[in-house]
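A.B. asks: Sharing a structure here in structure tokens format.
If you want it as structure tokens, here you go:
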């Protein structure tokens, strides 16, 4: 599934920080059932490449699966070997972007300023993660949208909840990344499923 197609289905990226392999499939099933189309396993989670492999094997037909908190270029190939197709970072490291594109994966580096945004695009990024979202506002997204290439995909992560998704989308974001409000270690699959449905309903109400 292409990134634009996934975000058009539902503009939500599930950030599964801290997930372990024994939770990966159950949580993934709950997300797919709620139509959440993008699953990101941060690499500072326990055995992340195993979790990525389990989710990619099970859900690649229904979702974009990959890694977050990718800080080193050498980790990109490991994600690809695990079946992941998207690389998300909290920062802009051009070497990570270039390594991602060499592997044929989707590159989503983190940026906060216009200078970082344009550097990321020049390096080959497919989309931009605006992070941390709770350090900016929808007005900032709107201002960036005015100067960035029209086709630029913007995903806001940090500070997003079911009550403000609409503000970010109205400001010009193509999607939002949701972390601990959706999943955190110790949260049951049933709780993840309920929250995923809540976020999905809030996003679908914008259509």
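Residue numbers (the numbering used here): 1 to 207. Just so it is clear, CB atoms sit at the ideal spot from N, CA and C, and this is done for glycine as well.
#1: List the endpoints of the continuous beta strand (DSSP E) containing residue 2.
#2: Quickly, what does DSSP pair residue 84 with across the bridge? List them, please.
#3: Does DSSP put residue 133 in a helix, a strand or coil?
#4: Is the stretch 73-81 close to the stretch 138-153, with three or more CB pairs under 8 Å?
#5: Evaluate contact between the stretch 26-34 and the stretch 163-175, counting only Cβ atoms and requiring at least three cross-stretch pairs below 8 Å.
#6: What do you get for residue 71, buried or exposed, if any count of 16 or more other CB atoms within 10 angstroms of its CB means buried?
#7: Determine whether the beta carbon atoms of residue 120 and residue 154 lie at a separation below 9 Å.
#8: To test your reading of the DSSP string, which unbroken alpha helix (DSSP H) runs of 4 or more residues are found completely within the stretch 45-82?
#9: If you count every other CB in all the chains shown that lies within 10 Å of the CB of residue 201, and 16 or more means buried, which is it?
#10: Is the beta carbon of residue 45 less than 9 Å from the beta carbon of residue 17?
#11: Between residue 21 and residue 54, how many whole angstroms is the CB-CB distance? I'm expecting something under 8 Å.
#12: Where does residue 95 land, buried or exposed, given buried means 16+ other C-beta within 10 angstroms?
#13: With distance defined between alpha-carbon atoms, name the residue in 103, 4, 104 and 149 nearest to residue 122.
#14: Where in the stretch 156-193 do unbroken runs of the beta strand (DSSP E), each at least 3 residues long, occur, reported from the N-terminal end onward?
#15: I need the straight-line Cα distance from residue 157 to residue 49, nearest angstrom please.
#16: CB-CB under 7 Å to residue 114, same chain, minus the five flanking residues each way: which ones, in chain order?
#17: Quick one: what does DSSP say residue 141 is sitting in, helix, strand or coil?
#18: If we ignore side chains and look at the alpha-carbon of each, how far apart do residue 102 and residue 179 end up?
C.D. replies: On the basis of the coordinates in this document:
#1: Position 2 of the chain shown, counted from the start, is the residue given in the question as residue 2. Premise fails: residue 2 is in no beta strand (DSSP E) and is neither H nor E.
#2: Taking the first residue of the chain shown as 1, we reach residue 84 at position 84. None, per the DSSP bridge assignment.
#3: As a first step, residue 133 must be located in the chain shown, where it is residue number 133. For residue 133, the secondary structure class from DSSP, reduced to helix, strand or coil, is helix.
#4: Here the stretch 73-81 does not lie against the stretch 138-153, with fewer than 3 beta-carbon pairs under 8 Å apart.
#5: Counting Cβ pairs under 8 Å, fewer than three are found: no touch.
#6: Walking along the chain shown from the start, residue 71 turns up at place 71. By the Cβ-count criterion, residue 71 is exposed, with fewer than 16 other Cβ atoms from all chains shown falling within 10 Å of its own Cβ.
#7: As a first step, residue 120 is located in the chain shown; it is residue number 120 there, counting from the start. As a first step, residue 154 is located in the chain shown; it is residue number 154 there, counting from the start. Contact flag unset, no.
#8: Segments of the alpha helix (DSSP H) lying fully in the stretch 45-82: 48-59 and 74-81.
#9: Counting from 1 along the chain shown, the entry for residue 201 is found at position 201. By the neighbour-count criterion, in which a residue is buried when 16 or more other Cβ atoms sit within 10 angstroms of its Cβ, residue 201 is exposed.
#10: Here the question's residue 45 lines up with position 45 in the chain shown. Here the question's residue 17 lines up with position 17 in the chain shown. For residue 45 and residue 17, yes; Cβs fall inside 9 Å.
#11: In the chain shown, residue 21 corresponds to position 21, counting from 1. In the chain shown, residue 54 corresponds to position 54, counting from 1. The distance from the Cβ of residue 21 to that of residue 54 is about 6 Å, consistent with a contact at the 8 Å cut-off.
#12: Walking along the chain shown from the start, residue 95 turns up at place 95. Exposed, since its Cβ has fewer than 16 Cβ neighbours within 10 Å.
#13: Indexing the chain shown from 1 puts residue 122 at position 122. Residue 149 is the option with its Cα nearest to residue 122.
#14: Fully contained in the stretch 156-193 are the following beta strand (DSSP E) runs of length 3 or more, in chain order: 175-178.
#15: One-based indexing of the chain shown puts residue 157 at position 157. One-based indexing of the chain shown puts residue 49 at position 49. Approximately 22 Å, taken between the alpha carbons.
#16: Residue numbering aside, residue 114 sits at position 114 when the chain shown is read from its first letter. Residues 144 and 147 of the same chain have their beta carbon placed closer than 7 Å to that of residue 114, with the five preceding and five following residues left out of the count.
#17: The residue you call residue 141 lines up with position 141 of the chain shown. Helix at residue 141.
#18: The residue labelled residue 102 in the question sits at position 102 within the chain shown. The residue labelled residue 179 in the question sits at position 179 within the chain shown. For the pair residue 102 and residue 179, the Cα-to-Cα distance works out to about 28 Å.
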